Amino acid sequence: MWTAIRPWLFPVWCIGCGEPGTGLCAGCAGSARSRGLTLDDLTVRAAGEYGGVLRDAILALKRGERAYLDPLAALLAPLVPPGTSLVPVTTTRRRAAARGFDQARELARRAAVLRAGVAVDVLEKRGAAQRGLGRGDRLDARGRFFLRPGVAVPPRALLLDDVLTTGATLRDAARVLAAAGCCVLGAAVVAHTPPGRETPRSGGRFVEA
Ligand SMILES: [Zn+2]
188 MWTAIRPWLF PVWCIGCGEP GTGLCAGCAG SARSRGLTLD DLTVRAAGEY GGVLRDAILA
248 LKRGERAYLD PLAALLAPLV PPGTSLVPVT TTRRRAAARG FDQARELARR AAVLRAGVAV
308 DVLEKRGAAQ RGLGRGDRLD ARGRFFLRPG VAVPPRALLL DDVLTTGATL RDAARVLAAA
368 GCCVLGAAVV AHTPPGRETP RSGGRFVEA
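This note's numbering applies: residue 188 is where the sequence shown begins, and numbers increase by one.
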């Protein structure tokens, strides 16, 4: 009964424990353990491992539920040095339209506000989205980022994404930025898949820092 009426009484509740008023309460968010990983020469900071409440919240984001943007941005914020330019690793326009928003763009905007930085929406992703593709196809999806015309590339920037899986997407985004003269400081992600479950390609491997 409670489960049935709760959504009517409280439009938003914690995905972990059901506490009303937030998509992810501080207690449940506190279960995430942040860590550093090295992806070739790219340093990635993750708020936690992909599982539990983080996984549930990220999947809810991908379903278009905005209630998880603020709590996940708050988890990302400590991974972002103050005053940093954040470049969101955007999804395709088609997928963002289906969802109602681009989660990386929204997370970057919120994290930038929390850390007195700026979100610079400079990357554009084209081509097939990764979801539903096999691992090999996802790896082949490299080379799909382009610079948005008319947007200045910041001299230094931190990439921001929701999930790190194979690292192929982050690598590609970093390559495009670097080619445009940007010093890529690394990346911050909400969650990473545990090393070994999906390992990076091309001899790279996650090294916990
Ligand atoms: Zn909770």
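Don't be surprised by glycine CBs; every beta carbon is placed ideally from N, CA and C.
In this text the structure is predicted, and so the values were computed from the model without any measurement.
Taking a C-beta distance under 7 Å as the contact criterion, Leu351 and Val371 do not qualify as a contact pair. According to the DSSP assignment, Pro258 belongs to no beta strand (DSSP E) but to the alpha helix (DSSP H) extending over Leu256 to Leu263. Uninterrupted beta strand (DSSP E) stretches at least 3 residues long and entirely within the stretch 269 to 322 occur at 272 to 275 and 310 to 312, given in chain order. In the displayed model, Ala365 falls within a helix according to three-state DSSP. Taking non-hydrogen atoms of ligand 1 into account, the C-beta of Glu206 is found less than 6 Å away from one of them. With fewer than 16 other beta carbons inside 10 angstroms of its own, Cys204 counts as exposed. Sixteen is the threshold: since fewer than 16 other Cβ atoms of the shown chains lie within 10 Å of the Cβ of Arg220, the residue is exposed.
Around Lys312, the same chain offers Thr277, Thr278, Thr279, Arg331 and Phe332 as residues with beta carbons nearer than 7 Å, after the five sequence neighbours per side are excluded. DSSP places Cys370 in the strand class (E or B) of the three-state scheme. Taking Pro269 as the centre and dropping the five residues before and after it, the same chain places the C-beta of Arg302, Ala303 and Gly304 closer than 8 Å to its C-beta, in chain order. For Leu241, there is no enclosing beta strand (DSSP E); the residue is part of the alpha helix (DSSP H) that begins and ends at Gly239 to Lys249. If you look at Gly214, you'll find it in the alpha helix (DSSP H) that goes Ala213 to Ala216. By the C-beta criterion, the stretch 231 to 239 is judged not to be in contact with the stretch 360 to 371, since fewer than 3 inter-stretch pairs fall below 8 Å.
In this structure, Gly354 has its CB at a distance of at least 6 Å from all heavy atoms of ligand 1. According to DSSP, residue pairing for Leu346 in a beta bridge involves Val274 and Ala374. In the structure shown, Ala234 adopts extended strand secondary structure according to DSSP, grouped into three states.
Taking C-alpha positions only, Ala261 is separated from Ala247 by approximately 16 Å. With a threshold of 6 Å, the Cβ atom of Gly203 counts as near ligand 1, since some heavy atom of the ligand is closer than that. Remark: C-beta atoms of Arg286 and Asp308 do not approach each other more closely than 7 Å. Leu229 places its beta carbon 7 Å or farther from that of Leu273. Leu266: not part of any beta strand (DSSP E); DSSP gives it neither H nor E.
Thr225: member of the beta strand (DSSP E) spanning Arg222 to Leu226, first to last residue.
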